Amino acid sequence: MTHQIPVNPHATPEAAALLRYLCQTAGTKIIAGQHTQTNPMEEVAYLKEVTGRTPKLCGFELLSYSPNLPDDTASEPCLTEIRENRGTVDTALRWAKETNGIVTLSFHWFSPIGGKDKSFYAENTDFDAKQILHPGTPERAAFFHDLDAIAVQLKRFQAENIPVLWRPFHESDGTWFWWGAKGPVVAKELYLLMYDYYTNRHALNNLLWVWNGQSSSFLVDSSQYDIASLDLYVEKEETYGSRYEQYVALRNMVSSGKLLAISECSNLPDMNAMFRDNAVWSFFGLWYAPYLGEYTSNDALLSVYHSEGALVRGDYQP
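Count along the sequence shown starting at 1, add 261, and that's the number in the numbering used here.
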């Protein structure tokens, strides 16, 4: 693939090297990725037990770092999710240093003001993201307050010279998260506000920016993202295949030369089908339980993790 340089002109050497690696492997190899739900990283242990191998890319969640977390009157599933996600930055830092693996971060952002229970869901908050666009509003102040708090955590990776695939405002084309509930104009502006603030104010130069808007109407300018990705879920009984149609649609949607990835998936892609169909995604990230387990057979795990086309932990990375 043609060499691609980070959209951030001040990207760290490590971030630039990671993007070069992704470009070098694009079209010939697919990086195996796995999202983790809790600090023990049971998903990675399960993959090791079944396949003898572990992923080269791991996804970690920042939801417990939201400044506006609910109090202890929230539902038990919500409180459990917060408890089990505390300290994920420590886990991600340790894993990256021990394995030289690739870190990707997601952020189920509890609404900066108000809300109840899992307030990253629009149905659980009356937080109006449109108000962030208006100077002087409480919503805008809270938005940047939370950005500052998360920047503290992202800077911990920069201090350790660890690049991060940063995927903010994921699935913004849907109405289920507060950042997408007000439509594409607002969603795109939120992304651009964060990009500018993190790049120019906080100098977070270790981030490679992953756009996950999923629809052309939510597409931001090509100067603000390095990788375009889709979250692709199918029914448990449905064969995942190569996701060729979605690959072509995304390729036609985004700027020429951008890397394409499956940032979340419910089933493991068919490695043979991806190469057969010339839908060779840069990487995939299997979501955690029940998708790892109920949706994926051990035979499928073995097939992918022992495929010649898959890059797993231990495979060469400059």
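Glycine included, C-beta positions come from ideal geometry on N, C-alpha and C. What you are looking at is a predicted structure, and each value in this text was computed from that prediction instead of being measured.
In the structure shown, Ile488 adopts extended strand secondary structure according to DSSP, grouped into three states. Around the beta carbon of Thr273, 16 or more other beta carbons lie within 10 angstroms, which makes this residue buried. The beta carbons of Leu493 and Arg504 sit closer together than 7 Å. Within the stretch 344-419, complete alpha helix (DSSP H) segments of at least 4 residues are found at 349-360, given in chain order. The beta carbon of Ala540 lies closer than 6 Å to those of Ser503, Tyr505 and Tyr508 in the same chain, with the five residues before and after it left out. Taken through DSSP and simplified to helix, strand or coil, Ser524 comes out as strand. Of the other Cβ atoms in all chains shown, 16 or more fall within 10 Å of the Cβ of Lys519; this residue is therefore buried. In this chain, the beta strand (DSSP E) harbouring Leu469 covers Leu468 to Trp472.
Where Gln295 is concerned, the enclosing beta strand (DSSP E) starts and stops at Ile291 to His296. Residue burial is scored here from C-beta neighbours: Ser516 has fewer than 16 other C-beta atoms within 10 angstroms and is therefore classed as exposed. Setting aside the 5 residues that flank it on each side, Arg401 is surrounded in the same chain by Gln392, Ile393, Leu394 and His395, each with a C-beta closer than 8 Å to its C-beta; the list follows chain order. The stretch 493-524 is shown to contain no whole beta strand (DSSP E) run of 3 or more residues.
The alpha-carbon of Leu324 is positioned some 32 Å away from that of Met532. Bridge pairing for Leu562: absent [DSSP].
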